[in-house]
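A.B. asks: Sharing a structure here in structure tokens format.
Residue numbers (the working numbering): 1 to 299.
Next up, the structure:
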């Protein structure tokens, strides 16, 4: 199992700790809700959705999080600020987990972050996201609002390989820190199924060079993979397991796993891998930093 030579930072956001050496903390699992194609949304512009179904999905993720010991967050996606504000209000009243505020442009994200601050969620929200299009206007808006937690994407259009991920992260991290961000979560991109390995290597390299909480997003591409069902009706879920385990074995501190409806599969899978990693780390003298860990919850 891995141990990074670089000292690894741990951040706390909304009561959830993320980061550290493999085996110290369980993988934080982040489900998405109200995203494009999510059938619970009835009107994307007005933010009208099936409240009963949304509540069921949110509480199911919470239940599996409590059972396994894997912390949870929610990636709340909105097409515009009107819809996103409604989603944030709804989600924040159902679960006390951190919320990633995800909009199509920085104006929508900033407006929605401001709303979240106004209703007392400033310690629970994460700006999603800073990427290669980051501008001075966006930086000024983040600084003026006082945003402290943000997701930074490692997608580098000039060099999508792991070394390119590292270089753009270093560049964007400096810009984010200059804008006042002091708790950055770093995300490696996955463009297709073959690049799951590149994303995993990229997160290992970033953690080893930067030492900040780093994660990836390996499951969405499997859903778009036309051949994913050729090995039977459960083959897609088996591929999920492989992608998740690879990401965790390479040191992922968090995983954005796609639709929150996958929680019942993702949490047990990741909990088992976390428990194995933690057991091995303990044999090497590195103990989990919490008793609320899959090592103690499921083994």
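The beta-carbon is built from N, C-alpha and C at its ideal position, and this holds for glycine as well.
(1) Taking its Cβ as the centre, do 16 or more other Cβ atoms sit within 10 Å of residue 354, making it buried, or is it exposed?
(2) Have a look at the DSSP bridge pairing and note the partners of residue 149.
(3) Check whether the segment 35-47 touches the segment 58-72, counting contact only when three or more Cβ pairs, one atom from each stretch, lie closer than 8 Å.
(4) Can you tell me whether DSSP reads residue 297 as helix, strand or coil?
(5) Could you please give the first and the last residue of the uninterrupted alpha helix (DSSP H) stretch that includes residue 73?
(6) Pull up the distance between the alpha-carbon of residue 181 and that of residue 50, whole angstroms please.
(7) For residue 318, write down the residues that DSSP places opposite it in a beta bridge.
(8) Give me, in chain order, the residues of the same chain whose beta-carbon lies closer than 7 Å to that of residue 239; leave out the 5 immediate sequence neighbours on both sides.
(9) Which partner residues of residue 12 appear in the DSSP bridge assignment?
(10) Could you tell me which residues DSSP pairs with residue 127 in its beta bridges?
(11) Nearest by alpha-carbon distance to residue 284: which of 22, 11, 16 is it?
(12) Where does residue 132 sit, in a helix, a strand or coil, going by DSSP?
(13) Within the same chain, show all residues whose beta-carbon is closer than 6 Å to that of residue 120, passing over the 5 residues directly before and after it, in chain order.
(14) Measure from the C-beta of residue 131 to each C-beta in chain B and report whether the shortest distance is under 8 Å.
(15) Name the two residues that bound the continuous beta strand (DSSP E) containing residue 29.
(16) Quick one: residues in its chain with C-beta nearer than 7 Å to the C-beta of residue 161, no 5 flanking neighbours on either side, listed in chain order?
(17) Name the two residues that bound the continuous beta strand (DSSP E) containing residue 256.
(18) So, for residue 129: in the same chain, excluding its five sequence neighbours on each side, which residues have a beta-carbon less than 6 Å away from its beta-carbon?
(19) If we count the other Cβ atoms within 10 Å of its Cβ and call it buried at 16 or more, is residue 133 buried or exposed?
(20) What residue from 236, 122, 214, 20 has the CA that sits closest to residue 224's CA?
(21) Would residue 25 and residue 286 be called neighbours here (beta carbons separated by less than 8 Å)?
(22) Should the segment 292-299 be regarded as contacting the segment 92-100, the criterion being three or more beta carbon pairs within less than 8 Å?
(23) Compute the distance between the beta-carbons of residue 214 and residue 186, then report whether it is under 8 Å.
(24) Hey, residue 169 and residue 27: beta-carbon distance below 8 Å or not?
(25) Determine the extent of the beta strand (DSSP E) in which residue 215 is found, giving its start and end residues.
(26) Cα separation between residue 272 and residue 54?
(27) According to DSSP, is residue 234 helix, strand or coil?
(28) Report all residues from its chain with a CB closer than 7 Å to the CB of residue 85; omit the five preceding and five following residues, and keep chain order.
(29) If the criterion is Cβ atoms closer than 8 Å, does the pair residue 207 and residue 8 meet it?
(30) Helix, strand or coil: how does DSSP classify residue 207 here?
(31) Output yes or no for whether 8 Å exceeds the beta carbon distance between residue 257 and residue 212.
C.D. replies: Per the coordinate set shown:
(1) No answer is possible for residue 354: the residues shown for the chain start at 1 and end at 299.
(2) As a first step, residue 149 must be located in the chain shown, where it is residue number 149. 183, per the DSSP bridge assignment.
(3) Touching, no.
(4) For the purposes of this step, residue 297 is identified with residue 297 of the chain shown, where counting begins at 1. Secondary structure of residue 297 (DSSP, three-state): helix.
(5) Here residue 73 refers to the residue found at position 73 when the chain shown is read from its first residue. Looking at the DSSP string, residue 73 is not in any alpha helix (DSSP H); the run it does join, the beta strand (DSSP E), is 72-77.
(6) Residue mapping note: residue 181 aligns to position 181 of the chain shown, counting from 1. Residue mapping note: residue 50 aligns to position 50 of the chain shown, counting from 1. In a straight line, the C-alpha of residue 181 is about 34 Å away from that of residue 50.
(7) Residue 318 is absent from the structure shown; the chain starts at 1 and stops at 299.
(8) Along the chain shown, one-based indexing puts residue 239 at 239. Within the same chain, residue 239 has close Cβ partners 222, 228.
(9) Translated into positions along the chain shown, residue 12 becomes position 12. Residue 12 pairs with 17.
(10) Numbered from its first residue, the chain shown carries residue 127 at position 127. 101, 150, per the DSSP bridge assignment.
(11) Within the chain shown, residue 284 is the residue found at index 284, counting from 1. Closest option to residue 284, Cα to Cα, is 22.
(12) Your numbering for residue 132 matches position 132 in the chain shown. In the structure shown, residue 132 sits in coil (DSSP, three-state: anything other than H, G, I, E or B).
(13) Walking along the chain shown from the start, residue 120 turns up at place 120. When the five nearest sequence neighbours on each side are left out, no beta carbon in the same chain lies closer than 6 Å to the beta carbon of residue 120.
(14) Structure shown: chain B not included; a single protein chain is present.
(15) On the chain shown, residue 29 is found 29 positions in, with the first residue counted as 1. Residue 29 -> beta strand (DSSP E) spans 28-33.
(16) The count along the chain shown starts at 1 and reaches residue 161 at position 161. The answer, listed in chain order, is 198.
(17) For the purposes of this step, residue 256 is taken as residue 256 along the chain shown, with counting starting at 1. Its beta strand (DSSP E) spans residues 254-259.
(18) Against the chain shown, residue 129 aligns to sequence position 129. Closer than 6 Å at the Cβ level, and outside the excluded window around residue 129, lie 151, 153.
(19) Along the chain shown, read from residue 1 onward, the residue named residue 133 stands at position 133. Residue 133 is exposed by the Cβ-count criterion.
(20) One-based indexing of the chain shown puts residue 224 at position 224. Of 236, 122, 214, 20, the residue nearest in Cα terms is 236.
(21) Taking the chain shown and counting its residues from 1, the one referred to as residue 25 is at position 25. Taking the chain shown and counting its residues from 1, the one referred to as residue 286 is at position 286. With contacts defined by Cβ atoms closer than 8 Å, residue 25 and residue 286 do not form a contacting pair.
(22) Result no; under three Cβ-Cβ pairs closer than 8 Å.
(23) For the purposes of this step, residue 214 is taken as the residue at position 214 of the chain shown. For the purposes of this step, residue 186 is taken as the residue at position 186 of the chain shown. The Cβ atoms of residue 214 and residue 186 sit closer than 8 Å to each other.
(24) In the chain shown, counting from the first residue as 1, residue 169 sits at position 169. In the chain shown, counting from the first residue as 1, residue 27 sits at position 27. Result no, Cβ atoms of residue 169 and residue 27 do not sit closer than 8 Å.
(25) For the purposes of this step, residue 215 is taken as the residue at position 215 of the chain shown. Where residue 215 is concerned, the enclosing beta strand (DSSP E) stretches over 214-216.
(26) Your numbering for residue 272 matches position 272 in the chain shown. Your numbering for residue 54 matches position 54 in the chain shown. Each residue's alpha carbon lies about 27 Å from the other.
(27) Your numbering for residue 234 matches position 234 in the chain shown. Coil, per DSSP.
(28) The residue you call residue 85 lines up with position 85 of the chain shown. Excluding its 5 nearest sequence neighbours in each direction, residue 85 has C-beta neighbours in its own chain below 7 Å: 112, 115, listed in chain order.
(29) As a first step, residue 207 is located in the chain shown; it is residue number 207 there, counting from the start. As a first step, residue 8 is located in the chain shown; it is residue number 8 there, counting from the start. Yes, Cβ-Cβ distance for residue 207 and residue 8 is below 8 Å.
(30) Numbered from its first residue, the chain shown carries residue 207 at position 207. Secondary structure at residue 207: helix, using DSSP grouped into helix, strand and coil.
(31) Translated into the one-based positions of the chain shown, residue 257 becomes position 257. Translated into the one-based positions of the chain shown, residue 212 becomes position 212. No. Outside cutoff.
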